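The listed protein sequences correspond, in order, to chains F and S. Using my numbering, the letters of the first sequence correspond one by one to residues 10 to 312. Using my numbering, the letters of the second sequence correspond one by one to residues 13 to 255. Where a beta carbon is used, it is the ideal one built from N, C-alpha and C, also for glycine. All values derive from a computational prediction rather than experimental measurement. Below is one structure, written out as structure tokens; comments come after it.
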Amino acid sequence: MVNTKVNLSGIELDNPLIPASGTFGFGYEFAELYDINILGSFSFKGTTKEPRFGNPTPRIAECYSGMINSVGLQNPGIEKVISEELPKLRECFHKPVVANISGFSLDEYVYCCEKIDKEEQVGIIEVNISCPNVHGGGMSFGTSCESAAEVTKAVKAFTSKPVYIKLSPNVTDIVSIAKACEEAGADGISMINTLMGMRIDLKTKKPVVYNKSGGYSGPAILPVALSMVYKVYEAVNIPIIGMGGISTAENVIEMMLAGATAVEIGAANLIDPFVCKKIIEDLPAVMQKYGINNLKDIIGGAH
Amino acid sequence: MNNVIYTIKSNEKLTENVFKMVFEGDTSAVTASGQFINIKIDSLYLRRPISIFDCKENELTIIYKVVGTGTEMMSKMPVGTKLDVLVGLGNGFDTSVSGDNPVVIGGGVGVPPMYYLAKKLIAEGKKVTAILGFNKADEVFGKEDFEAIGCRTIVTTVDGSMGVKGFVTDALKDIDYSYFFTCGPEPMLKALYNASETSGQFSFEERMGCGFGACMGCSCKTKYGNKRICKDGPVLVKEEIIW
Ligand SMILES: Cc1cc2nc3c(=O)[nH]c(=O)nc-3n(C[C@H](O)[C@H](O)[C@H](O)COP(=O)(O)OP(=O)(O)OC[C@H]3O[C@@H](n4cnc5c(N)ncnc54)[C@H](O)[C@@H]3O)c2cc1C
Ligand SMILES: Cc1cc2nc3c(=O)[nH]c(=O)nc-3n(C[C@H](O)[C@H](O)[C@H](O)COP(=O)(O)O)c2cc1C
Ligand code: FES
């Protein structure tokens, strides 16, 4: 028997599989299809202080081996997430969840983290710093060491739960940003968010998505994610949740070899709603094939 | 929703660029007319959403227009090809509110879902009129299918080369109806919204990431709150639509 258990900041996961924020809603669509308690955990839809409709449609464009989304953080707002979504979720998912939090100012991040901190169901807070800072000329929090560290410090002061900072890959030096987050007290790193991308419709001669650009993800970005996780693993001593293009059990192992303790699965859920279940079922055989008995042992094994 | 492997039974050309594809496989997930399926095509990342034209036990039919890469590939698929399909997506039409003599109105590739709907309405003992709108005579398809199930069928063409000259709204003003159902290009839907005298249901399209409610890619605002076209739609009632 192989062992697929991993440990994130003291929380033991049965396996490293975590559906990624924004691709699993609050779990119900999938709970209708299979028992989602087989998952290691899951990261729910990015939540903000106020309810958000998100961007105008079209919000989706197809790419080679991937897709662009410009959903724009549509969510019912933190109050409703706590009063309506989490109680419903409690009925179909009995493990600690990852709460994905977004904000457009430091105050908003703090507000949401302080609220979600009181929720027993939440095991880890994953702070998405790819959002534009309305007080910082619209530059994303994730693009400088200073602002990334500022968000980390601010939320850490208001929660006792492990805080994982979710990094944007659209930066010059992701390693220094990861280090800045670690120094500011982050318990872990989640990476990577989507890459900036665009498609243009040849018939209309205009960008496909209304917002012109959006976030590119899917199998095409796996090599980018692997390279970034590999470099960050060498620079920090906190765990990494690795993601970007993972669609198979082999991809999971590759990401863990690069340095991830656990992995998130994003776009793949949208194409194959059963993909996480399949990966969990495939994992033992694939581990055996490559002579892996204990999944924990391979974390960072490629270094 | 079910994930089923369908086998292509036939793939026949109806007009210059419109094809009819019949699948063999489990259809038990289909619970209403107006629902759609989402087809995975090897080498393309996103699935392609297509409405259900007809559905029986173990057999499902779609009608699709070649507009881009995916539909072009579909048009060349030989009989026997197996496809990975998500079946029974969306809310579908609610026929319980139709009254005794509803009208179903389709425009172009909005015609297909109207057929399975008309069949359901007729099975419920209703007297159904179908208005099928096209640009010109050589684009017309489906007329015989609607006639064969006992619909009073009116074709409109913009250039007058078949049936009533003009738009579906030109045919609608001459008939009596208790309720309407429609699917077609958005300008047509909007014209019907303004021209119709009764309540009705509209089927919408949007670019989709998943097709089953997980990604928020297809959201729209309605008077009843935000809805996902793929899961809470594609059918919306007249009263809730915000243009
Ligand atoms: C609920 C629903 C039901 C539909 N029913 C039918 C039907 O019965 N018959 C039919 O011919 N067409 C139907 N369509 C439209 C059909 O989905 C598109 O024509 C098809 O996806 C085009 O794929 P493509 O690869 O040929 O085009 P490409 O332009 O190469 O596709 C690129 C991307 O854009 C998406 N896309 C392009 N056009 C549309 C569109 N109009 N709506 C949504 N996504 C689009 C594709 O799915 C793909 O992700 C329906 C759409 C929806 C949303
Ligand atoms: C439709 C969609 C919505 C997303 N929404 C969020 C979100 O709300 N918050 C967030 O941190 N990341 C969001 N992401 C990013 C994913 O969580 C993930 O980081 C990224 O897609 C890379 O993984 P993948 O290649 O497996 O999709 C979203 C991605 C997609 C495709
Ligand atoms: S397409 Fe994903 S929610 Fe509708």
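So, are the CB atoms of residue i and residue j less than 7 Å apart?
{"i": "S/L58", "j": "S/F35", "result": "no"}
{"i": "F/V160", "j": "F/I133", "result": "no"}
{"i": "F/G31", "j": "F/G55", "result": "yes"}
{"i": "F/M296", "j": "F/V11", "result": "yes"}
{"i": "F/S149", "j": "F/P141", "result": "yes"}
{"i": "F/F39", "j": "F/F53", "result": "no"}
{"i": "S/Y189", "j": "S/V115", "result": "yes"}
{"i": "S/V16", "j": "S/V99", "result": "yes"}
{"i": "F/V272", "j": "F/G251", "result": "yes"}
{"i": "S/N23", "j": "S/M13", "result": "no"}
{"i": "F/A267", "j": "F/V184", "result": "no"}
{"i": "F/F167", "j": "F/C122", "result": "yes"}
{"i": "F/K89", "j": "F/D126", "result": "no"}
{"i": "S/T210", "j": "S/Y236", "result": "no"}
{"i": "F/V136", "j": "F/V164", "result": "yes"}
{"i": "S/K185", "j": "S/W255", "result": "no"}
{"i": "S/Q47", "j": "S/G102", "result": "yes"}
{"i": "F/R68", "j": "F/V80", "result": "yes"}
{"i": "F/L26", "j": "F/I289", "result": "yes"}
{"i": "F/D23", "j": "F/G63", "result": "no"}
{"i": "F/P28", "j": "F/I280", "result": "no"}
{"i": "F/A187", "j": "F/K162", "result": "no"}
{"i": "F/C157", "j": "F/C190", "result": "For clarity, residue 157 of chain F is Ala in the given sequence; the question names Cys instead. Yes, these two residues count as a Cβ contact at 7 Å."}
{"i": "S/K177", "j": "S/V167", "result": "no"}
Cβ-heavy atom distance between residue i and ligand 3 below 6 Å?
{"i": "S/R59", "result": "no"}
{"i": "S/R240", "result": "yes"}
{"i": "S/M126", "result": "no"}
{"i": "F/V72", "result": "First, the residue type needs correcting, since residue 72 of chain F is Cys and not Val in the sequence shown. Flag unset: Cβ of F/C72 not near ligand 3."}
{"i": "S/M228", "result": "yes"}
{"i": "F/G206", "result": "no"}
{"i": "S/G221", "result": "yes"}
{"i": "F/G268", "result": "no"}
{"i": "S/G225", "result": "yes"}
Is residue i near ligand 5, in the sense that its beta carbon is under 6 Å from a heavy atom of that ligand?
{"i": "F/F113", "result": "Ligand 5 is not among the ligands present in this structure, which contains only ligand 1, ligand 2 and ligand 3."}
Return yes when the C-beta of residue i is under 6 Å from any heavy atom of ligand 2, and no when it is not.
{"i": "S/C67", "result": "no"}
{"i": "F/S50", "result": "no"}
{"i": "F/K175", "result": "yes"}
{"i": "F/M252", "result": "yes"}
{"i": "F/A276", "result": "yes"}
{"i": "F/S149", "result": "no"}
{"i": "F/A311", "result": "no"}
{"i": "F/I5", "result": "There is no way to answer for residue 5 of chain F, as the model of chain F reaches only from 10 to 312."}
{"i": "F/T152", "result": "no"}
Just checking residue i against ligand 1 - is the residue's beta carbon closer than 6 Å to any of the ligand's heavy atoms?
{"i": "S/V79", "result": "yes"}
{"i": "S/S231", "result": "no"}
{"i": "S/I62", "result": "yes"}
{"i": "S/V121", "result": "yes"}
{"i": "S/Y18", "result": "no"}
{"i": "F/Y219", "result": "no"}
{"i": "S/F48", "result": "yes"}
Per DSSP, what are the beta-bridge partners of residue i in this structure?
{"i": "S/C232", "result": "S/K239"}
{"i": "S/Q213", "result": "S/F193, S/V249"}
{"i": "S/I166", "result": "S/I143"}
{"i": "F/V136", "result": "F/I110, F/I174"}
{"i": "S/R60", "result": "S/I51"}
{"i": "F/S52", "result": "F/V107"}
{"i": "F/G75", "result": "F/C72"}
{"i": "S/P114", "result": "S/P114 pairs with nothing; no bridge assigned."}
{"i": "F/R61", "result": "F/N84"}
{"i": "S/V176", "result": "S/T168"}
{"i": "S/C67", "result": "S/L72"}
{"i": "S/D96", "result": "S/I17, S/K52"}
{"i": "F/D210", "result": "F/K215"}
{"i": "S/S22", "result": "S/V34"}
{"i": "F/I27", "result": "F/E273"}
- Query: Within the chosen definition, does the region 45-54 of chain F reach the region 93-109 of chain F through at least 3 CB pairs nearer than 8 Å?
  - Reply: yes
- Hey, is the region 226-242 of chain S in contact with the region 148-158 of chain S, meaning 3+ C-beta pairs nearer than 8 Å? no
- Okay, do the region 219-237 of chain F and the region 191-198 of chain F touch, 3+ Cβ pairs below 8 Å being the bar? Remark: fewer than three beta-carbon pairs, one from each stretch, lie closer than 8 Å, so the region 219-237 of chain F and the region 191-198 of chain F are not flagged as touching.
- Query: Is the region 48-57 of chain S touching the region 134-142 of chain S in the sense that three or more CB pairs, one from each, lie closer than 8 Å?
  - Reply: no
- If you pair each beta-carbon of the region 201-215 of chain F with each one of the region 63-80 of chain F, do three or more pairs fall below 8 Å? yes
- Message: With a threshold of 8 Å, are at least 3 pairs of Cβ atoms found where one atom belongs to the region 120-134 of chain S and the other to the region 59-66 of chain S?
- Response: The region 120-134 of chain S, when compared against the region 59-66 of chain S, does touch it at the 8 Å Cβ threshold.
- Item | Positions along the region 276-289 of chain F whose CB lies within less than 9 Å of some CB in chain A | Within the model displayed, chain A is absent; protein chains F and S are what it includes.
- Item | Those runs of the alpha helix (DSSP H) which lie wholly inside the region 224-297 of chain F and span at least 4 residues | 231-244, 258-267, 277-280
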